[in-house]
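Just so we're aligned: 259 in full-length UniProt numbering is position 259 of the sequence shown, and the numbers increase by one with no gaps anywhere. For every residue, glycine included, the Cβ atom is placed at its ideal position computed from N, Cα and C. Bear in mind the structure is a predicted one, so any value in this text is a computation, not a measurement.
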Amino acid sequence: MSTTIVPATPPATPPAEVPRPAGAPEKGSRRPRWGTVLGWATMIVILLITLFPFYWMLRTAFSTNSELAAQAANLAPAGFTLDAFRRVFGLTTLEESLAQGGAGGRINFWLYLRNSVIMSTAITLGQVFFSAMAAYAFARLRWPGRNAVFAVFLSALMVPGIFTAIPNFVLIKELGLLNTFPGLVLPTFFMTPFAIFFLRQFFLGIPHEIEEAAMIDGASRGRTFLRIILPMSAAPITTLAVLTYIQAWNEYFWPLLVGQSDGVRVLTVALGIFRSQTPQGSPDWAGLMAATLVAALPIVLLFVVLGRRIVNSIGFSGIK
1 MSTTIVPATP PATPPAEVPR PAGAPEKGSR RPRWGTVLGW ATMIVILLIT
51 LFPFYWMLRT AFSTNSELAA QAANLAPAGF TLDAFRRVFG LTTLEESLAQ
101 GGAGGRINFW LYLRNSVIMS TAITLGQVFF SAMAAYAFAR LRWPGRNAVF
151 AVFLSALMVP GIFTAIPNFV LIKELGLLNT FPGLVLPTFF MTPFAIFFLR
201 QFFLGIPHEI EEAAMIDGAS RGRTFLRIIL PMSAAPITTL AVLTYIQAWN
251 EYFWPLLVGQ SDGVRVLTVA LGIFRSQTPQ GSPDWAGLMA ATLVAALPIV
301 LLFVVLGRRI VNSIGFSGIK
């Protein structure tokens, strides 16, 4: 009978602990870097500076003019009342408006809101569609002088809009389109250099094989653009549409030049007129801020609904 001798395993020696230097942080804890702290502090300050005008607008809109005058240097809310909104919507008489501290001036808010919606919607639809066609031509079609023409379009980005306002005004006047919606819309209805550049960069990233496969199946160039390219470009087109709508909604100078009648006057111009109507000698600041707040709500809601898509497609690089 044989006996197997198994050598004894020596006990494991625990690793020697390295002494922690004096003042060093404990294991598992990390000190925030000063660069990170400074970065967050800077972003918080910028955020507060950005939000302060909105807070001031809310504070003014929900206060009375007498409270605002009495607490002009106070950043805290001066009070809470909906009288300014009632004046904006035309729910008060002239006597009630004056009694509330309003200036007594009134604006046809709903009419001007309708005009702003019509103008912004028309500009957005026309500019996005025609800019997409031009961008597709620059990105896909081969024709003599294509790069030179595109360079001219890009150079137009460096020309301030004020330089073209007078020629456009003379043209609209000669066409008899003053105080009409076509006069408001036409200068920016078809395309802008930024819109063409924005969409062209995306179209360049779409593989040629997709279009070639469609054309092999019998699709024409136009059908390929309408049925394939446009649906694939939904994200940048939506982004461009929102940016265009916001820009058209905030437009002031051009509607002021060509839209003097109430039938086509937009909300931004109407707010300026409301500001100048001061029968009591002082502007109705509460009413003006209330009207501004209501005028900004459609744009805020639009950005809230489509904000994620805008942020995701701003840095697009095409389809891989």
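- The beta carbons of Ala286 and Asn65 sit closer together than 8 Å.
- Bounds of any alpha helix (DSSP H) do not take in Ser220, whose DSSP letter is neither H nor E.
- For the pair Thr239 and Gly39, the Cα-to-Cα distance works out to about 29 Å.
- One thing to note: Ser131 has its Cβ within 8 Å of the Cβ of Met191.
- Leaving aside the five residues that flank Ile310 on each side, the residues in its chain whose CB is nearer than 7 Å to its CB run, in chain order, Thr239 and Val242.
- The criterion of a C-beta distance shorter than 8 Å is not satisfied by Met43 and Leu293.
- Counting C-beta atoms within 10 angstroms of its own C-beta, Trp249 has 16 or more neighbours from the protein chains shown and is therefore classed as buried.
- For the alpha helix (DSSP H) assignment, the uninterrupted runs of no fewer than 4 residues enclosed by the segment 129 to 204 are, from N- to C-terminal side, 146 to 155, 162 to 174, 181 to 185 and 193 to 203.
- Burial state of Trp254 is buried, judged by a 10 Å Cβ sphere holding 16 or more other Cβ atoms.
- Contact annotation: Val128 and Phe109 have beta-carbon atoms that are not nearer than 8 Å.
- Going by C-alpha positions, Tyr55 is about 14 Å away from Ile46.
- Under the three-state reduction of DSSP output, Pro298 falls in the helix class.
- In this model, Gln247 and Ile118 are separated by some 14 Å (Cα to Cα).
- When DSSP states are grouped into helix, strand and coil, Phe85 belongs to the helix group.
- Look at the beta carbons and you see the segment 154 to 161 touching the segment 180 to 197: at least three pairs across the two are nearer than 8 Å.
- DSSP places Phe62 in no alpha helix (DSSP H); its state is neither H nor E.
- Put simply, the backbone Cα of Thr124 is about 10 Å away from that of Val185.
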